[in-house]
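Take a look at the structure set out below.
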Amino acid sequence: MWDPSLEGKFVPLNIDKRFILLRGSSGFYSYGIYEHLKDWPDFDIGETRITFKLRKDKFQYMAIADNRQRYMPLPDDRLPGRCQSLAYPEAALLVNPKLRELAGEVDDKYQYSCENKDNQVHGWICTNPPIGFWQITPSDEFRSGGPHKQNLTSHVGPTTLAMFLSAHYAGQDLVPKFRGGEPWKKVFGPVFIYLNSAPIGDDPFWLWEDAKIQLTYLWYINEDCISGRGAFVGLAPPGEAGSWQRECKDYQFWTRADEDGYFTIKNVCTGDYNLYAWVPGFVGDYRYDIPITINPGSCIETGNLVYEPARDGPTLWEIGIPDRSAAEFYVPDPDPKHINKLFVNHPDRFRQYGLWDRYTQLYPNDDLVYTVGVSDYTKDWFFAQIPRKKDDNTLEGTTWKINFKLNNVVRNGTYKLRVAVASATLAEIQVRFNDPKTRRPLFTTGLIGRDNSVARHGIHGLYWLYNIDVPGAQLVEGDNTLFLTQPRNTSPFQGIMYDYIRGRNMSPLGVKLYIEDDHVLQVMMDNGIVQITLSNPDGIVTGIRYNGIDNLLEVRNEESNRGYWDMVWNSPTTGITTGIFDVIKGTSLIVIVENEEQVEISFTRTWDSSMQGKFAPLNIDKRFILLRGSSGFYTYAIYEHSKEWPGFNLGETRVAFKLRKDKFHYMAVADKRQRSMPLPDDRLPPRGQALAYPEAVLLLNPIEPELKGEVDDKYQYSCENKDIKVFLSAHYTGDDLVPKYDEGEQWKKVFGPVFIYVNSLFDGNDRLQLWEDAKIQLMIEEQSWPYSFPASEDYPKSEQRGYVSGRLLVKDRYINSDYISANGAYVGLAPPGEVGSWQRECKDYQFWSRADENGYFSIDYVREGDYNLYAWVPGFIGDYRYDIVLTITSGSYVEMGDLVYEPPRNGPTLWEIGIPDRSAAEFYVPEPNPNFVNKLYVNHPDKFRQYGLWERYAELYPDNDLVYSVGESDYTKDWFFAQVTRKKEGTKASYQGTTWQIQFKLDEVDKSTNYTLRIALASATFSELQVRVNDPKVGNAPLFTSGLIGRDNSIARHGIHGLYWLYNVSVPTTRLVQGDNTIFLTQPRSTSPFQGIMYDYIRLEGPPSSPSPTS
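Numbered per our numbering, the sequence shown spans residues 883 to 1993.
Now the structure itself:
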């Protein structure tokens, strides 16, 4: 206890150190309570910790991570005669250590530092007898500086530390300072000192693995929140955005968001906090502005939070990765005389001693020069900008250059430079453009940082972000140079570690709208980044000007064939089944919004009876939006059918853009589905040869010779809705997904908005960076949905929508007597209907989500209306529907609780073929005919997208159809992915149906009740499924027939699924025999090579029984 008599002798704190020993525990706990009363003197506390000094004759092997453990020097090895002092006392070169293999290595305790988030267990091993001494810290709540603050662990002594508070890698910013009679109280710990042992003769290094297991017992680790891409989200005392990293007095609680951004912060002490976050891949810090008060037992659901990182215009160039570390930059090999062998060929090679001296050796005369589009930051950007040592052993500051080109410069505009710093030590950054000798820099940080990361082998310290306005007048068209000067030079350890540098195009001008006179009939939207020209009043996008290119659209096309909305429709009363193609042209222009922040314009076409038979009976309102600072534009449309109007069918509607064929040759639809594409001319004779249908062409003499011999077919690049954004089509489903509107039916729907994004790079940069940037933009757009800016009242904003959440469980007593979490279930809201009706619903809105591994789901931003909740679960057959209709109102939140799906099941599984995932991808997909290859899909997961695979069946089974023997065959090799027709020999276009056999044995036949055959289909095209059991004669009536089903056309269009069908066939016991049985699956329809069935899953169930769960 402190009293005034102790002033100047002891820190003014009441300190209560506690130790705990539990029954059966192989170790003990310790924690401390520090308290400063408000009347007591001021003081600073630079460090507090627990230290253990172990027996040096026993503990010589240290472990702090799986890849950071080794035999350590003895304390005696650091005494004169056995070592040589280096640049600071903590670092010593081992000259004559007792363990000879350590000679020539450097020992330095800072080489074994860890970030708080990784500093949970470390310690020492005695090999004889095998004993471990471990310091385990199960929580970081009492540590300062957040999850990335670095601290010491264990080092030569042998010494092990439990660091609670320190200024290492941060300096005075993380020294708590108590002033003005400030009261304060904090609990440090508990930490656990764990002791373990192994029998003599066993591997002593197993003790490390056991210590890691002990950590998981001590503290709940939420594995769902461990994600390489996840945001770091935490609660810390209220402050400014980013203040958490300098907060050092109170508690912090951190976690990591999963890949979908969901996070949970548990076991939070009561108090007031702000919620903070930073997201790898984005600059800056997030703070939730409303303080959060935690009470005992409270559970706070914040809902969806949106972080908008600073973004002024499109990226011109960038260096590094915004991850608050310099680890991605070039880290040199150390001086061979100053090596720690642990870090040779190690991810943490930056922990080697003396790397600061390597800069002068690599750049003895001139400083680093980085050329955008040519240099590689992993090789050409030194990890730290430090002083250079001169010949007289004095130091000088350094100036690094970034050379880059600009095609166009707006002299009166403002560009933006963002410089994110991973660490700074008594350093300064000065920024100049194109003139290195200006007396006054454009920008200076002033003196910043006391991290000392360079000397202490760190790769980051505290994070700094500078946003610098660059006047266009300082830039020139063509070659430019950015000069980054670090002038401070009193120590070799002064310097800067950059995290990420980005040059952005000029800060955008306000949005302008230009409407030409009646003679020109054009309207243009311009925000200084992109110009969009549309025909007036048609509303056809005729031009997109960007990055010095006058028009990204195909200028050789008619203006009506460049960028347009279209539809395919027909009238049910005419008897004409083919659709009418209509490029939708407006008849009037209305300016909806016009200000410096946004322009929204509307092109409308109003229907009346004089248009009957010419145009679909719809009022159509096409909208286009351009925002300030946006590198692209938005478009959406509102379709309305009045109840007084005639009926019609709507086969397809979409937005299409025809790009310049002389500019755009490389297409990307997914990470693994991108390639250089043929030109339109390559599809015309004699360069191309038509194949089985117009969309497929064999390239005989393409302009690009490397494409010769390949097949081009647009259906090879299709995607599922969850992976793309489309409006409406019957592809892969047929007439089932053609909306049919009756006379007297009122209907209205908003399609979109979608975002047309344009981006650019310097010449020479990897073009795939454009794809990566587009994916980042996708994340930004998804996080912004529903948008706040569309002006139509028919597009509800986020506060006008509702939310539904709950948990889905599966009950299948033949698999598990307990409920099973519906891991990965697709859960959605769709208009009320029968079970599974959602997949054929095509008029109204649907909202889907995916359950997590525990079955929890959340469906956000749902429009007002009545819905059923539907679901299907990968691994289980059938569909779920919640029978009560849900009514969603503005701002409503519906918590469903636990829902239970009982998939179809009569008895135990006797055998099964496939995986119930609504796809045929697991079955055998053959190699294509070598004459009809698309090279993109060679050795590709989507090999089913190759052309002509339907013909391979007859080649593999020329005489007899497929036979599958349960228990012997392998469905990945022996079950063809589609039951197609066989082409007859000697005929040009004659086909026959096929009958597949499933052979299986029954040891006995239970006569008490029927067996059940479950057949799930992934796709069907003008086909029929007939089932016979032990009776192969097609002339006899089948046990079951589906009748004519399906119009998916998945076989021709290289799909692997279409609509889902589930048939439950009751098999009388009289059809089965003891011993060998055969099921015959016949597909008799045979007028086309594209008719057929894709199976999803087949299962034979025995009669009901008392199950013995398999798990």
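Where is the CB? At the ideal position from N, CA and C, for every residue including glycine.
In this text, all values refer to a predicted model and were calculated from it rather than measured experimentally.
Contact check, residue i vs residue j, beta carbons under 8 Å
i     : j     : result
R1505 : E1478 : no
L1237 : P1214 : yes
Y1752 : A1712 : yes
V1949 : N1892 : yes
I1147 : V1115 : yes
V1593 : Y1829 : yes
H1339 : R1444 : no
R1864 : T1877 : no
T1903 : N1946 : no
W1754 : Y1762 : yes
N949  : H1220 : no
Start and end residues, alpha helix (DSSP H) containing residue i
i     : result
Q1243 : L1237 to L1244
E1837 : W1832 to L1838
Q942  : Careful: Q942 lies outside any alpha helix (DSSP H), inside the beta strand (DSSP E) at F941 to A947.
K1394 : Element bounds for K1394: not the alpha helix (DSSP H) but the beta strand (DSSP E), K1394 to I1397.
E1064 : That residue, E1064, is in no alpha helix (DSSP H); it is neither H nor E in DSSP.
K1657 : L1650 to S1666
Y2007 : Residue 2007 cannot be examined here, being either before or after the span of the chain that is shown, 883 to 1993.
Best match in the options for proximity to residue i [C-alpha to C-alpha]
i     : options                       : result
P1119 : C1130, G1112 and I1203        : C1130
L1077 : P1065, V1069 and D1092        : D1092
N1788 : D1694, A1707, Q1879 and P1568 : D1694
A1898 : I1795, D1824 and R1935        : I1795
V1303 : G1377, N1289, N1641 and K1496 : G1377
Y1382 : K1554, S1207 and I1638        : S1207
F1972 : P1914, R1834, Y1979 and I1980 : R1834
I1770 : E1746, E1723 and F1882        : E1746
V1640 : A1574, G1684 and F1539        : F1539
K1889 : T1952, I1880 and W1943        : T1952
D1248 : D1258, E1278, F1225 and D1055 : E1278
L1884 : K1915, D1852 and T1791        : T1791
T1969 : D1432, P894, F1826 and S1872  : S1872
Q993  : R1438, V1336 and N1452        : V1336
D1503 : L1198, D1856, W1489 and L1324 : W1489
P1191 : P1173, Y1168, E1675 and N978  : Y1168
Below-8 Å beta-carbon distance, residue i vs any chain D residue
i     : result
R1384 : Absent here is chain D; the protein component of the structure consists of one chain.
Anticipated Cβ contact below 8 Å, residue i with residue j, distance rounded
i     : j     : result
K1272 : Y1212 : K1272 to Y1212, Cβ: 23 Å. No contact.
L1963 : L1907 : 7 Å
Y1623 : F1530 : 6 Å
V1412 : S1513 : 6 Å
N1698 : E1735 : In fact, because the Cβ distance is near 15 Å, the residues do not count as touching under 8 Å.
K1554 : H1822 : 7 Å
Y1685 : V1632 : Incorrect: roughly 20 Å between the Cβ atoms, too far for contact.
L1047 : T1152 : 21 Å between Cβ atoms; not a contact.
Span of the beta strand (DSSP E), counted from its first residue to its last, around residue i
i     : result
A1753 : G1747 to W1754
T1960 : G1957 to Q1965
N896  : N896 to I902
C965  : C965 to S967
G1773 : Here G1773 belongs to no beta strand (DSSP E), and DSSP marks it neither H nor E.
I849  : With the chain covering 883 to 1993 only, the question about residue 849 has no answer from this structure.
Q1682 : Note, Q1682: premise wrong, no beta strand (DSSP E); not H, not E.
M1549 : Y1548 to A1552
F2002 : No answer is possible for residue 2002: it lies beyond the span of the chain, which begins at 883 and ends at 1993.
K2038 : Only positions 883 to 1993 of the chain appear in the structure, and residue 2038 is not among them; the question remains open.
P1635 : W1629 to Y1639
N1349 : W1346 to P1353
Check: residue i C-beta below 7 Å from any heavy atom of the ligand FAD
i     : result
M1449 : In terms of ligand content, the structure shown is empty, and the ligand FAD therefore cannot be addressed.
Which runs of the beta strand (DSSP E) fall wholly inside the region 1426–1468 and span at least 3 residues, in chain order? 1445–1452 and 1462–1465
Length at least 4, wholly inside the region 1243–1294: the alpha helix (DSSP H) runs in chain order: 1259–1262
In the region 1115–1187, which residue ranges form an unbroken beta strand (DSSP E) of at least 3 residues, counting only runs that do not cross its ends? 1135–1138, 1153–1160 and 1168–1176
Within the region 1013–1083, note down every full beta strand (DSSP E) run reaching 3 residues or more, in order along the chain. 1041–1047 and 1066–1079
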